[in-house]
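Number of protein chains: 2
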Amino acid sequence: MLMDDMGWGDLGVFGEPSKETPSLDLMAAQGMLFPNFYAANPLCSPSRASLLTGRLPVRNGFYTTNAHARNAYTPQEIVGGISQDEILLPELLKNKDYASKIVGKWHLGHRTQYLPLKRGFDEWFGAPNCHFGPYNDSFRPNIPVYNNSEMKGRYYEEFEINVKTGESNITQIYLEEGLDFISRQATAQRPFFLYWAPDATHAPVYASKHFLGKSQRGRYGDAVMELDYSIGQILERLVSLGIHNNTFVFFTSDNGAAVMSGPRQSGSNGPFLCGKETTFEGGMREPAIAWWPGRIPAGTVSHQLGSVMDLFSTSLSVAGVLPPDDRVMDGLDLSPVLFNNSLLDRPIFYYRGNQMMAVRIGQYKAHYWTWSNSWEEFNKGINFCPGQEVPGVTTHTQEEHTMLPLIFHLGRDPGERFPISVLSEEYEEFVRRATAVVKEHQERLIPAVPQLNMCDAAVMNWSPAGCERLGKCLKAPESKPWKCDWPH
Amino acid sequence: MLMDDMGWGDLGVFGEPSKETPSLDLMAAQGMLFPNFYAANPLCSPSRASLLTGRLPVRNGFYTTNAHARNAYTPQEIVGGISQDEILLPELLKNKDYASKIVGKWHLGHRTQYLPLKRGFDEWFGAPNCHFGPYNDSFRPNIPVYNNSEMKGRYYEEFEINVKTGESNITQIYLEEGLDFISRQATAQRPFFLYWAPDATHAPVYASKHFLGKSQRGRYGDAVMELDYSIGQILERLVSLGIHNNTFVFFTSDNGAAVMSGPRQSGSNGPFLCGKETTFEGGMREPAIAWWPGRIPAGTVSHQLGSVMDLFSTSLSVAGVLPPDDRVMDGLDLSPVLFNNSLLDRPIFYYRGNQMMAVRIGQYKAHYWTWSNSWEEFNKGINFCPGQEVPGVTTHTQEEHTMLPLIFHLGRDPGERFPISVLSEEYEEFVRRATAVVKEHQERLIPAVPQLNMCDAAVMNWSPAGCERLGKCLKAPESKPWKCDWPH
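If you read the sequences in order, they're chains Y and L.
Following the working numbering, the numbering of the first sequence begins with 1 at its first residue and continues without gaps.
Following the working numbering, the numbering of the second sequence begins with 1001 at its first residue and continues without gaps.
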């Protein structure tokens, strides 16, 4: 269950003051909470590509080289998608006859060859891109919603989102799609993989009528409440089907809360610095809960440094499938953590595009590069760290610190506000450790061909498969590719 | 149980990432959690005076008029203390034959006439002032530790705090004093009031040997862990004595975490803005838990806006004692909240000295004055909002906004980062409501004689009662009173 732009601080169990996530808080009480869990990237598409490949974006190709250290994703103009060279989780699970379904946002490329049913999923209900809009179909089509390999309609058309009121029943549809899939597999006694990826907490945030106005936090909170309710429903379904003791469930989010969007359209990163798009903790620290009654001890907290990429390796391990042995994997098999409460030593790397910006080892984090967003954007009022500013840390120019990295102790200073003195023994000792870890990482690193460099208006969702039947095919403009502009 | 400078974000249940407060988290699971609970003041002494009087500092005299909107407290030089005109909680509880003890920090004046045994307490073990030091006794005496009305020694002398290692067994002593008192009253079947006020999380933070180095958060976390352990011991003692179903227990803190002290000496205010000394949420929002098995429903969250002053009124109510009827009370009787999960409509006022800076009503907060700390201090490196800066909000000069208050919706925006547009209907509507509430408050307000205006080196703890017996009397300098300087 992968949320969209939901922040670490959005869950009651992680300190959201309104405490409006009873299902997730219960899930934590029945499972294992991970306060130190990370996205593979501070932006959606690369993070999602890493979840399904178990590899860093720089290795799986979900990055750009158009400019230095830029976040890239898959808007409608993107030409690329997830490479055929990558092996996706549902493709491997086929070895054990798993049925796989993705419900919600795909985001690994919307052109035909990149879609989920081409990459190991048996079913899909959802959209290939973000639900931005509504668009005037002449310059930009609205995003299609697929049922398997054909579109069923488009956001803002057949699948309404009222941008003014925030009303949409799409989360309810996604919930039903998830429940139905689970029930069918349970009846068929077939092992299954459900990738439940709703997008209601991504701007423009939405909720169905029943939840609108219910939250103390406004519309964003309404969306969280509906997702929380839905997660409760999914867990209950597992219990009522009697398969809860045989199902590994994991909840997390794709990147930090989009704090630049303001409180009406974004969530909370709790005590952490900045948010989405940045390599500060607010950009990549995620809420995370593992649940498997009878196997994962209830009510435990694991301080394991975890990553969405670990879900790849862990899922394979749980399913009894061997991971690929012909490539470097970044994900870890968390089984010893989940089942024996072990702690595995491993670093967390924070990338922005092709640049490793920072590394966390234990409680320490070293920033080799810092950047919030550019002065140009900032001066237009776009602020990736609203209300937060740490001099020399939340820099508006790309600042290199390779020779003297900025070091924080995230246990004492989760907000990355107090760099450790470069004159201290503590500093020297950690830099020595970090240097060795980074050196090893970089020596083994073979960057993939970047998939997110080229854009073209001709590739937008003008005529998705199935459009004929609906009479919803649109005419694409002539192909005029350009190097995508990635401003942050 | 009143903590010293502990922040809202320091408890696992309020999202501290290291989750190192198992006893408090259990207390919350067995009791009622208050995410919207407030100190009466962003500084220690006034907040503590309000707890014991049920009245705002401006009404009970614990404030200064030496300069506009300044926080004042009771350092050793202070001439004043809690006024004889005030009625203290233990004085009233005497009506029902309660035995009262304070363990730990008093802070309502250290001159003989102001000490706890003069003001309704039957017993005291602790200190009248903060444990700053160590001092050279010739210019400044170390703070005495009293047992009832006589000193037993001084901090850094008989009661050691190793500033270098952070080791001190004082919390253990305070724990034993508390447990012993509880057990004696239970044996005597006498109703009791224990005011347990340890100071280990106030700089210089300390912990005993067993806890030093145990926390993932460093020394501050060690202190929190020891307090958490101690609180667990106190609750367990109530259970083992069989009086838990007949005892109202409340946990909170005196003001926000002292974030200006840096992460080695201070805690976390979670998602809130700034800290101690300020009237932003980080200065006055407190962790709070009520516990009374069998009477307060387990595992509940109350969104009641609460105040430490309510503990005065609620304690009286629970003890069956009538509150004073000859004066304005600011505390509410929270019984309907605790026992019926009701919500009482009430504003929270945020004062700095004699100035009402802000008011919260429901989810909205209006700032009429803003100030973090002065440019003079800030330029010396003292920062009350480290890493946080909201333009026009965390101002370094005292800024008046009376005509156009800054309004925040604390549900959507707990970090006070996004002022609501003055052009919106929402703004206009709330300002109308707030204006009426503030007007009523100010019309009823009769400020007390300020107690915290005068200082004098002669009144320091040179020769506390009992010093003769210990051979620890020091010679006071000649009296030369001055108007205390309150820089923030």
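Ideal Cβ placement from N, Cα and C applies to all residues, glycine included.
Owing to the predicted nature of the structure, the values given are computational and were not obtained by experimental measurement.
query: Given a threshold of 16 other Cβ atoms within 10 Å of its Cβ, counted over all protein chains shown, does residue 1048 of chain L qualify as buried or as exposed?
result: Here residue 1048 of chain L corresponds to residue number 48 of the second sequence, with the count starting at 1. Its Cβ being crowded by 16 or more others within 10 Å, residue 1048 of chain L is buried.
query: Taking Cβ-Cβ distances shorter than 8 Å, what residues in chain Y pair up with residue 1058 of chain L?
result: Within the second sequence, the letter at position 58 stands for residue 1058 of chain L. Going along chain Y, no residue has its Cβ under 8 Å from residue 1058 of chain L, so there is no contact; the nearest lies around 27 Å.
message: Counting only Cβ pairs nearer than 7 Å, list the residues of chain Y close to residue 1413 of chain L.
response: The sequence position of residue 1413 of chain L within the second sequence is 413, counting from 1. Ordered by position in chain Y, the residues that pass the 7 Å Cβ test against residue 1413 of chain L are 263.
Beta-carbon contacts of residue 280 of chain Y that lie in its chain and below 6 Å, excluding the five residues immediately before and after: Counting from 1 along the first sequence, the entry for residue 280 of chain Y is found at position 280. Excluding residues within five positions, the ones whose Cβ falls inside 6 Å are 273, 274 and 416.
task: Give the secondary structure of residue 1468 of chain L by DSSP, where H, G and I count as helix, E and B as strand, and everything else as coil.
output: Your numbering for residue 1468 of chain L matches position 468 in the second sequence. Here DSSP, grouped into helix, strand and coil, assigns residue 1468 of chain L to helix.
- prompt: The alpha helix (DSSP H) spanning residue 361 of chain Y covers which residue range?
  reply: Position 361 of the first sequence, counted from the first residue, corresponds to residue 361 of chain Y. Where residue 361 of chain Y is concerned, there is no enclosing alpha helix (DSSP H), although the beta strand (DSSP E) it sits in stretches over 355-361.
field: Under 7 Å from the C-beta of residue 1422 of chain L: neighbouring residues of chain Y
entry: Here residue 1422 of chain L corresponds to residue number 422 of the second sequence, with the count starting at 1. Those within 7 Å of residue 1422 of chain L in chain Y number zero; the least Cβ separation is about 16 Å.
- request: Check each residue of the stretch 388-404 of chain Y: if its Cβ is closer than 7 Å to any Cβ of chain L, include it; give the result in chain order.
  value: If the cut-off is 7 Å between Cβ atoms, the stretch 388-404 of chain Y has 388, 389 and 390 near chain L.
query: Who are the Cβ neighbours of residue 293 of chain Y in its own chain at under 7 Å, not counting the five residues just before and after it?
result: As a working note, residue 293 of chain Y is residue 293 in the first sequence. Close CB contacts of residue 293 of chain Y within its chain, under the 7 Å cut and outside five residues either way in sequence, are with 30, 244 and 245 (chain order).
- prompt: Alpha carbon to alpha carbon, what distance is there between residue 1343 of chain L and residue 1301 of chain L?
  reply: Numbered from its first residue, the second sequence carries residue 1301 of chain L at position 301. Numbered from its first residue, the second sequence carries residue 1343 of chain L at position 343. Between residue 1301 of chain L and residue 1343 of chain L, the C-alpha separation is close to 11 Å.
message: Can you list, in chain order, the residues of its chain with a C-beta nearer than 6 Å to that of residue 1333 of chain L? Leave out the 5 residues immediately preceding and following it.
response: Along the second sequence, one-based indexing puts residue 1333 of chain L at 333. Answer for residue 1333 of chain L: 1313, 1314 and 1317, listed in chain order.
field: chain Y within 8 Å of residue 1342 of chain L, Cβ atoms only
entry: Here residue 1342 of chain L is taken as the residue at index 342 of the second sequence, counted from 1. At a cut-off of 8 Å, the C-beta of residue 1342 of chain L has no neighbouring C-beta in chain Y.
task: Starting from the C-beta of residue 147 of chain Y, find all residues in its chain whose C-beta is less than 8 Å away, skip the five residues before and the five after it, and write them out in chain order.
output: As a first step, residue 147 of chain Y is located in the first sequence; it is residue number 147 there, counting from the start. Close CB contacts of residue 147 of chain Y within its chain, under the 8 Å cut and outside five residues either way in sequence, are with 124 and 125 (chain order).
query: Who pairs with residue 1126 of chain L in a beta bridge, going by DSSP?
result: For this step, residue 1126 of chain L is matched to residue 126 along the second sequence. BP columns for residue 1126 of chain L point to L:1146.
message: So residue 1221 of chain L and residue 1020 of chain L are supposed to be a Cβ contact under 8 Å. How far apart are they, rounded?
response: Your numbering for residue 1221 of chain L matches position 221 in the second sequence. Your numbering for residue 1020 of chain L matches position 20 in the second sequence. The distance from the Cβ of residue 1221 of chain L to that of residue 1020 of chain L is about 6 Å, consistent with a contact at the 8 Å cut-off.
- prompt: Got a sec, what are the start and stop residues for the alpha helix (DSSP H) residue 1051 of chain L sits in?
  reply: Here residue 1051 of chain L corresponds to residue number 51 of the second sequence, with the count starting at 1. 1044-1053 is the span of the alpha helix (DSSP H), which, as asked, contains residue 1051 of chain L.
- request: Check each candidate in Y:365, Y:382, Y:366 and Y:363 and name the one with the smallest Cα separation from residue 372 of chain Y.
  value: As a working mapping, residue 372 of chain Y is identified with position 372 in the first sequence. When only C-alpha atoms are compared, the closest one is Y:382.
- request: With a threshold of 16 other CB atoms inside 10 Å of the CB of residue 471 of chain Y, please say whether the residue is buried or exposed.
  value: Residue numbering aside, residue 471 of chain Y sits at position 471 when the first sequence is read from its first letter. Here residue 471 of chain Y is exposed, its C-beta having fewer than 16 other C-beta atoms within 10 Å.
- request: Would you kindly check if the distance between the Cβ of residue 1483 of chain L and the Cβ of residue 1454 of chain L is under 8 Å?
  value: Start at 1 with the first residue of the second sequence, and residue 1454 of chain L comes out as number 454. Start at 1 with the first residue of the second sequence, and residue 1483 of chain L comes out as number 483. The answer is yes: Cβ separation under 8 Å.
task: Answer with yes or no whether the minimum CB distance from residue 1418 of chain L to chain Y is below 8 Å.
output: Translated into positions along the second sequence, residue 1418 of chain L becomes position 418. Chain Y contact via Cβ: present.
task: Using a Cβ-Cβ cut-off of less than 7 Å, list which residues of the stretch 355-385 of chain Y approach chain L; keep chain order.
output: The residues in question are 363.
message: If I follow the unbroken beta strand (DSSP E) through residue 290 of chain Y, where does it start and stop?
response: Numbered from its first residue, the first sequence carries residue 290 of chain Y at position 290. Secondary structure note for residue 290 of chain Y: its beta strand (DSSP E) is the uninterrupted segment 289-291.
query: Beta-carbon of residue 1164 of chain L versus every beta-carbon of chain Y: anything under 8 Å?
result: Taking the first residue of the second sequence as position 1, residue 1164 of chain L is located at position 164. Taking CB atoms only, residue 1164 of chain L has no neighbour in chain Y less than 8 Å away.
- prompt: Quick check: the stretch 1282-1291 of chain L against the stretch 1034-1048 of chain L, are there 3 or more CB pairs under 8 Å?
  reply: Counting Cβ pairs under 8 Å, three or more are found: they touch.
- prompt: How is the alpha helix (DSSP H) around residue 1104 of chain L delimited, first residue to last?
  reply: Here residue 1104 of chain L is taken as the residue at index 104 of the second sequence, counted from 1. Element bounds for residue 1104 of chain L: not the alpha helix (DSSP H) but the beta strand (DSSP E), 1099-1104.
- prompt: How many angstroms separate the CA atom of residue 1400 of chain L from the CA atom of residue 1258 of chain L?
  reply: Within the second sequence, numbered from 1, the residue matching residue 1400 of chain L stands at position 400. Within the second sequence, numbered from 1, the residue matching residue 1258 of chain L stands at position 258. Taking the straight line joining both Cα atoms gives about 25 Å.
task: Taking residue 1076 of chain L as the query, report the chain Y residues whose CB atoms sit under 9 Å from its CB, ordered along the chain.
output: Stepping through the second sequence from its first residue, residue 1076 of chain L is reached at position 76. At a C-beta separation below 9 Å, residue 1076 of chain L has no neighbours in chain Y, since its nearest C-beta there lies roughly 30 Å away.
task: Please decide whether residue 1217 of chain L counts as near chain Y, where near means a Cβ-Cβ distance under 8 Å.
output: Looking up residue 1217 of chain L in the second sequence gives position 217. The C-beta of residue 1217 of chain L comes closer than 8 Å to at least one C-beta of chain Y.
query: For residue 1397 of chain L, which option in L:1210, L:1183, L:1450 and L:1384 has the closest C-alpha, if you only look at C-alpha atoms?
result: If you number the second sequence from 1, residue 1397 of chain L lands on position 397. L:1384 is the residue among L:1210, L:1183, L:1450 and L:1384 whose C-alpha sits nearest the C-alpha of residue 1397 of chain L.
message: Let me make sure I understand the geometry here. Which of L:1168, L:1456, L:1369 and L:1297 has the alpha-carbon closest to that of residue 1402 of chain L?
response: By one-based count along the second sequence, residue 1402 of chain L stands at place 402. Answer by Cα proximity: L:1369.
task: Could you confirm whether any beta carbon from chain Y is found closer than 8 Å to the beta carbon of residue 1271 of chain L?
output: Taking the first residue of the second sequence as 1, we reach residue 1271 of chain L at position 271. Output row for residue 1271 of chain L: interface = yes.
- prompt: Could one say the Cβ of residue 1294 of chain L lies closer than 8 Å to chain Y's Cβ atoms, at least one of them?
  reply: By one-based count along the second sequence, residue 1294 of chain L stands at place 294. No, residue 1294 of chain L does not count as interfacial toward chain Y.
task: Could you tell me which chain Y residues have their CB closer than 8 Å to the CB of residue 1035 of chain L, listed as they occur along the chain?
output: Counted from its first residue, the second sequence places residue 1035 of chain L at position 35. Residues of chain Y passing the Cβ test: 17, 18 and 19.
field: Own chain residues within Cβ distance below 6 Å of residue 1054 of chain L, not counting five before or after
entry: Along the second sequence, read from residue 1 onward, the residue named residue 1054 of chain L stands at position 54. Excluding residues within five positions, the ones whose Cβ falls inside 6 Å are 1309, 1312, 1313, 1329 and 1331.
query: Straight-line CA distance for residue 489 of chain Y to residue 1217 of chain L?
result: As shown, chain Y starts at 1 and ends at 488. That puts residue 489 of chain Y outside it, with no answer to give.
- request: Decide if residue 1107 of chain L is buried, meaning its Cβ has at least 16 other Cβ atoms within 10 Å, or exposed.
  value: Taking the first residue of the second sequence as 1, we reach residue 1107 of chain L at position 107. Classification of residue 1107 of chain L: buried, given that the 10 Å Cβ count is 16 or more.
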